[in-house]
Amino acid sequence: MSKNQQNKLTRSVRLAIAMGALTSVSVPVAVAQEAGETEVIEVTGIRGSQKANINAKRFSNAIVDAITAEDIGKFPDKNVAETLARVPGITIDRDFGEGQGVTIRGVQPDQNLTLVNGQAVGTGQWFVLSDATRNFNFEILASEMIAGLEVYKSSQADIDEGALGGTVILKTRKPFDLDANSGQISIEGQYGDIADALDPSISGLYSWKNDDETFGILFSGSYQERTVERETNEDFGWFGPSIPRIDPLIEAPAGADRKGALPWGMGSALFKQDRERVGFDVTAQWAPTDDFDMSVHYLSSTLKADNVNSNLIGIPFRGIAYMGTDTNTGTVSADNVVESLNVVGVDQRPPWARFIAYDNIFRDGSEMSTEIIDIEGHYLMGDGKLHFQVGTTTGEGENRDFFTEFWADANDPRAAFDFFNPGGDSPYIDFTTASPWLANPTDEMWLGGIFDQLNATEDKENYIQFDYEHSVDWGAITEVKTGIKRRDRSFLQTRFRTDLANLAPTGEGSLGPASAFWNGDMINVSHSNTNAVGASYFFPDKDSMYNALYSVAECTGDATTLCRRTDQFLDESSFEIEEDITAAYVMAKFSGEGFRGNVGLRYVETDSTSNGFDLNTGEAVAFDGGYNEWLPSINLSYDLTDDVLLRMAASRVLTRPAPFQLAPAVNLTPETSSGSAGNPQLNPLTANQFEVGAEWYFSESSVAAITVFKKDINDFIFTKTVSREIDGQQINQLRTPENGGSTSIDGVEMQIQHVFDNGFGGYANYTYTDVADAKVDEAVPVTDDDGNIVGATIASRFVSFPNTSKDSFNIGVFYETDVYSARLNYNYRSEYFIAQAEIGDQFRDEQSQLDAQLSWNVTETITLKAEALNLTDEIWENYYVRSSDGKRLGGTQSANGRRFFVGASMKF
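In this text, residue positions in the sequence shown follow my numbering: the first is 2, and each later residue adds one.
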């Protein structure tokens, strides 16, 4: 046999192994024997998964990373996003202690794409403050349902458009991939150290097929409970003399010789949630002939998310504003930052300028769900194969907010707190030292804010797709693939609210003093991992407040006394985005001596309508939009040697704005003077992207690779925070999306993975991402000497690309035998830009997490396991950089604590 023939045979065998790894739980290793006999050795566990991942990467035509399950029902992590965080170039969001969104190569989650078996997933949100995005929420999906995934970092004509950073394709199991009557069941307990609670979970899978392998059916299900507690030291935006509109409103604190910057408000918050997730996945396969097969797939997952958020809020800004020179006592640093302030009720403060609020938001009945119904088929036609897929997916979210707010009187001397900010970057409030009555209230606080709200969202897509691939012998071109796809997608949000008209915030016109709604329950917040001090204060009775709301008489006519407005339709927060998308493509696969790849062209046409209501008149409005794009792509791989592979890719990509970003609507939180607004005039993002890389496969389970990438982006979207009056309410922190012109992302990914013969192994990867600030031209007012606006002019400024960490890396080590396995994984991402505020840019500080896993195969079918997440008890933290001098100003800090798991699984 010639050397060339040996190389071709080796490549064919390896390709077969890689393809098998993507559709099966285990990794088949084929060893040629006499007379064409083949011995198949099933390799499972960490080493088997690592080997499958490497094979999938090596033999793909595009730039792809893959992850496969270690065994039936045994994905590497409890949450798919947590596993993705190990992939080079990927970082994740963990706002509630669990992976939610995925950032790829510096591109934020809603500008990437997550598909299940090649199709979009309708997704909802359980949290009312989460605006509708295109981002898949990984919290809703049980990892046990997933057989594997691929991350496409380079574009390919036959994959849906819409990803700027990359496309994640999740793969579920099919019955033909497993032995008949095979399955798995696992039980587990989860402990969270802040919640101090143990929660159960159970999952299982059963697969059957007939002897002829012409029909099979697979069932899997999962049930999980989780008690969540999160402690937060929260800021509500910074104000100071460097902001022109603020400077005239404030004075120096009494005892200080200069004005200073400080947060408008700070809150001591405790979030509690009882989660219940139920998921089902059913797939039936039918192959009546060798030439035709079809599958029907149904997936349903629901996350019930009852929760309550308690936030004791102080407003230090009102200790130096609206009071003339007779301000509260405090100190200011040499760099013009308020470092301490004793805020107390005084006669000279305007009655409306209340400075202590206590919010409790009860969200019983909140939930989100995802459903997929998909029919897929393949038909062999001589040298060609026809593929079709038709289906529908729906994501729904229901956010219930029973909001209650107590206020202290602005002039009551019993109302007081101490604001501290040592060094200018560690703000917090001590409430209970200055106001000990918070542990036993009488009439120091009044129930002066209340509403009962229902926010419902629906994300729905119907699709139909046909693909045809035909084998050809046109020189280097071996296959031509064409396809067409039609999608109609809609995003709907409706909001209804019951509230009270003519409700006074304090005193006789309110619903009553705090003592009338307290039965002795207390809130205890340790703040052991944030700047804030531990505190204990009263927790009001929900039922008493609910009864107080609905015992008020209904409003009639133009009522001037206290009355109830029931189930009002909030048109300013209700909208529907409709999209009709048509795509067609042609792609050629090519290969030759030492090279392979694909080249293609995708055409996509999008017609969209943003429906909502005018914020001033309440009349229905609609904004029509439409665009089309030609999206070329090429992927090339070249075998420099038998073990060294060079890659090159280039493409043009398109990313659509998030649904809420396109909405003529607002989501407001007046109690904290904050909110977000849409912008129907937004353009889609487009980018030309390029990458080159080298991969060295120095053993069957080892790789060292480097990839350099570049993205030239047009019309990128960033968030600007402004102050605006909406429907008579002053919103000081209104987040609005804007197109930001052009920018570029340049970066490099490096990774190494190796498995030793003694059972030890390890992996490490590092990604460097450099994003250029974009120059934006905008109109700014021109004022006369008296401050009156007399005109406008065009000014330029620079804005940053959001959610992009410059540095991120993962390091992992593991040890595995036939009986035991252990793994440690550490990941890190550097700080990144969030939004532009009046005081300056807002950032998320660097984050890291250390996780550990242990397992013991008691028998060939029974495994005991243990896992720990966030062993070092890290928090996440925001901060601001003051634009006038670059001073760092402290912001929100949030602690989710550590999580521990123990469990057992059995396969058959």
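The beta-carbon is built from N, C-alpha and C at its ideal position, and this holds for glycine as well. If you're wondering where the values come from, they're calculated on a predicted model, not measured in any experiment.
With contacts defined as CB atoms closer than 8 angstroms, ARG246 and ASN308 fail to qualify as a contacting pair.
No Cβ-Cβ contact shorter than 8 angstroms links LEU872 with ARG830. Burial check for ARG59: the Cβ neighbour count within 10 Å reaches 16 or more, so the residue is buried. Taking C-beta separations shorter than 7 angstroms and ignoring five residues to either side along the sequence, the partners of GLY742 in its chain run ALA775, LYS776, VAL777, following chain order.
In the DSSP annotation of this structure, the continuous segment of the beta strand (DSSP E) that includes GLY626 starts and ends at 621-640. Counting C-beta pairs with one atom in each stretch, the segment 712-722 and the segment 631-647 have fewer than three that are closer than 8 angstroms, which means they do not touch. If you look at ASN422, you'll find it isn't in any beta strand (DSSP E); DSSP assigns it neither H nor E. Taken atom to atom, the span from the alpha-carbon of PHE802 to that of THR770 is near 11 angstroms.
Under the three-state reduction of DSSP output, SER545 falls in the helix class.
Around the beta carbon of ALA306, 16 or more other beta carbons lie within 10 angstroms, which makes this residue buried. Here TYR551 is exposed. Its C-beta has fewer than 16 other C-beta atoms within 10 Å. When DSSP reads this structure, GLU606 sits in a beta bridge with THR583, ASN629.
The residues ILE91, VAL103, in chain order, have a CB closer than 6 angstroms to that of LEU85 in the same chain once the five nearest residues on each side in sequence are set aside. By the criterion of a C-beta distance shorter than 7 angstroms, GLN662 is surrounded in its chain by GLY679, ASN680, LEU683, ILE718, PRO738, once the five residues flanking it on both sides are discounted. A contact is defined here as three or more CB-CB pairs under 8 angstroms, and the segment 587-599 fails this definition with respect to the segment 493-509. Between the beta-carbon of ASP640 and that of TRP697 there is about 12 angstroms, and that puts the pair past the 8 angstroms contact cut. DSSP places PHE60 inside the alpha helix (DSSP H), whose first and last residues are 46-60. Here THR607 is actually not in contact with TYR586; their C-beta atoms are around 15 angstroms apart, not less than 8 angstroms. Within its own chain, the residues whose Cβ lies closer than 6 angstroms to the Cβ of ILE195, once the five positions on either side in sequence are excluded, are GLU230, GLY898, listed in chain order. Rounded to whole angstroms, the gap between the alpha carbons of VAL117 and LEU171 is 5 angstroms. Taking the Cα positions, VAL553 is about 29 angstroms away from ASN617. When only Cα atoms are considered, ASN337 and SER243 end up about 9 angstroms apart. DSSP, reduced to helix, strand and coil, places MET324 outside both helices and strands of the structure shown, so it counts as coil.
Beta-bridge partners assigned by DSSP to GLU189: SER202, GLY904. Secondary structure note for THR84: its alpha helix (DSSP H) is the uninterrupted segment 81-85. In summary, GLN731 is exposed, with fewer than 16 beta-carbon neighbours lying within 10 Å of its beta-carbon over all protein chains present.
Within 10 angstroms of the beta-carbon of LEU439 lie 16 or more other beta-carbons, which makes it buried.
By the criterion of a C-beta distance shorter than 6 angstroms, LEU250 is surrounded in its chain by ALA322, once the five residues flanking it on both sides are discounted. Counting along the chain, no beta strand (DSSP E) covers ASN182, and no H or E run does either. By the neighbour-count criterion, in which a residue is buried when 16 or more other Cβ atoms sit within 10 angstroms of its Cβ, ILE863 is exposed. For THR557, the number of other beta carbons within 10 angstroms of its own is below 16, and it is reported as exposed.
Contact check between the segment 290-298 and the segment 369-379: three or more CB pairs, one atom from each, fall below 8 angstroms, which counts as touching. By the criterion of at least three beta-carbon pairs nearer than 8 angstroms, the segment 522-541 is not in contact with the segment 479-498. Pairwise C-beta distances place the segment 385-396 out of contact with the segment 419-438, as fewer than three of them are shorter than 8 angstroms. Across the structure, ALA515 and TYR359 are spaced so that their CA atoms are roughly 10 angstroms apart. Under the Cβ criterion (8 angstroms, minimum of three pairs), the segment 336-350 does not count as touching the segment 265-283.
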